[in-house]
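In the numbering used here, the protein residues as written are -16 to 357. Note that the Cβ used here is the ideal one computed from N, Cα and C, for glycine as well.
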């Protein structure tokens, strides 16, 4: 006869399935989340596969989640605010409230860091962050989180990162790495300001009722990390630990995004209290099976899907999605997610197939799909 390996309650909400996975239990359906590479790709596929966009945030959020069968939905964040200051042919120039400017190109999508506020060592002492306790930073987050929870979704808020915040918003990437070796006191001084702001915002977002708080801290190339693990321990670890503690204080989960081959840092991520790590990218040599074997009972891996999904044939898509879910699902601690999102040049046929494969294998390898012969 056949028996279920797990006795899981049928009809669980999306949020309950996500929580089960984070708690390293196997939900009846493996949770999933997907996104689009850029706004143009989202509009392109939504116009053909989703509902027309409306002026109501809640309607749009639910429509997007249903189109991709997303279990996790963003509700906003309290990080540095930005505004568009210039639009040109194929680009937008945006300025952050600290004066940092990005030039964002649309086809293909990429960004250029145009004007850093820190141009000399003396500028570090003059760095000033906005008030993280300003209620206006969090306007609407509680209402959006309450709305989505009522519809059964797991909610995600956001804050700025720690290392990535330095070179996204303050000083060039090369300068940060140089200072870590030659002028560590400058990095610590800057981190004291930037880290305090990011961690405080993280706690305030969790306080608004978000189930998790995410931040971006890309820490590696596709072959290795940007710096040695000892440098992570000295400069970044204390702030990740503080960030996680601020989030946990309000009963939420700490969820970090980190592109790159960060295999050597995962044990420290766990020590810092990080609950969820994405995108676990194959192109970054983050091998899902190996990570599951080493750390799968201590951190939730969110990812596994290749950024080249848009270039695959229908047969390759089917095989890839099946393998990722089959490897990631056992024992919980896994949420399906891609490292690069859906590109605009993915065909409609392959987009449909990808959505179908996503749903099919998440159900097949969830606890409700498991059977054993005895």
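Endpoints, alpha helix (DSSP H) assigned at residue i
i           : result
residue 112 : Neither: residue 112 is in no alpha helix (DSSP H) and is coded neither H nor E.
residue 278 : 271 to 278
residue 170 : 167 to 190
residue 128 : 124 to 133
residue 30  : 22 to 32
residue 242 : First-last for residue 242: undefined, no H or E at that position.
residue 49  : 40 to 51
residue 225 : 220 to 231
residue 150 : 146 to 152
Range of the contiguous beta strand (DSSP E) that encloses residue i
i           : result
residue 94  : 92 to 98
residue 337 : It is not in any beta strand (DSSP E) - residue 337 instead sits in the alpha helix (DSSP H) that spans 331 to 347.
residue 55  : 55 to 60
residue 139 : 137 to 141
residue 1   : Careful: residue 1 lies outside any beta strand (DSSP E), inside the alpha helix (DSSP H) at -3 to 5.
residue 71  : 65 to 71
residue 74  : 74 to 79
residue 398 : In the structure displayed, the chain extends from -16 to 357; residue 398 sits before or after that span and is not available.
residue 85  : 84 to 89
Cβ-Cβ distance between residue i and residue j below 8 angstroms
i           : j           : result
residue 184 : residue 61  : yes
residue 214 : residue 139 : no
residue 219 : residue 181 : no
residue 150 : residue 156 : yes
residue 310 : residue 343 : no
residue 9   : residue 293 : no
residue 127 : residue 40  : yes
residue 256 : residue 229 : no
residue 304 : residue 346 : no
residue 208 : residue 271 : no
residue 50  : residue 70  : no
residue 137 : residue 1   : yes
residue 269 : residue 285 : no
residue 11  : residue 351 : yes
residue 84  : residue 67  : no
residue 193 : residue 124 : yes
residue 191 : residue 121 : yes
residue 95  : residue 86  : yes
residue 165 : residue 107 : no
residue 169 : residue 104 : yes
Close Cβ partners of residue i (< 8 angstroms) along its chain, the five nearest in sequence each way excluded
i           : result
residue 297 : 332, 333, 336
residue 216 : 251
residue 233 : 186, 189, 190
residue 295 : 289, 303, 333
residue 31  : 331
Beta-carbon contacts of residue i that lie in its chain and below 7 angstroms, excluding the five residues immediately before and after
i           : result
residue 204 : 243, 244
residue 92  : 20, 21
residue 358 : Because the chain is modelled from -16 through 357, residue 358 falls outside the range shown and cannot be assessed.
residue 142 : 60, 61, 62, 181, 184, 185, 188, 196, 198
residue 241 : 200, 201, 202, 260
residue 147 : 199, 200, 201
residue 65  : 77, 78, 79
residue 290 : 264, 266, 321, 322, 323
residue 281 : 253
Cβ-based neighbour list, residue i, same chain, cut-off 6 angstroms, excluding 5 preceding and 5 following
i           : result
residue 316 : 7, 279, 283
residue -10 : With a pLDDT of 38 at residue -10, under the threshold of 50, the predicted position of this residue should be treated as unreliable, and no value is reported.
residue 327 : 23, 24, 27
residue -16 : For residue -16, the predicted model reports a pLDDT of 25, less than 50, meaning its position is unreliable and no value from the coordinates is stated.
residue -1  : none
residue 223 : 255
residue 53  : 16
residue 361 : For residue 361 there is no data in the structure shown, the boundaries of the chain being -16 and 357.
residue 34  : 46
residue 18  : 324
CB contact check: residue i to chain D, cutoff 8 angstroms
i           : result
residue 125 : Absent from the structure is chain D; it holds one protein chain and no more.
Cβ-heavy atom distance, residue i to the ligand ADP, below 7 angstroms
i          : result
residue 64 : Ligands are entirely absent from the displayed structure, and the ligand ADP is therefore not among its contents.
Using 8 angstroms as the threshold, is the segment 291 to 310 in touch with the segment -7 to 0, meaning 3 or more CB pairs across them?
-> no
Check whether the segment 253 to 264 touches the segment 316 to 326, taking contact to mean three or more Cβ pairs, one atom from each stretch, closer than 8 angstroms.
-> yes
Quick one: which unbroken beta strand (DSSP E) runs of 3-plus residues sit fully inside the segment 245 to 323? Chain order, please.
-> 259 to 261, 283 to 288, 317 to 321
Check whether the segment 63 to 74 touches the segment 39 to 50, counting contact only when three or more Cβ pairs, one atom from each stretch, lie closer than 8 angstroms.
-> no
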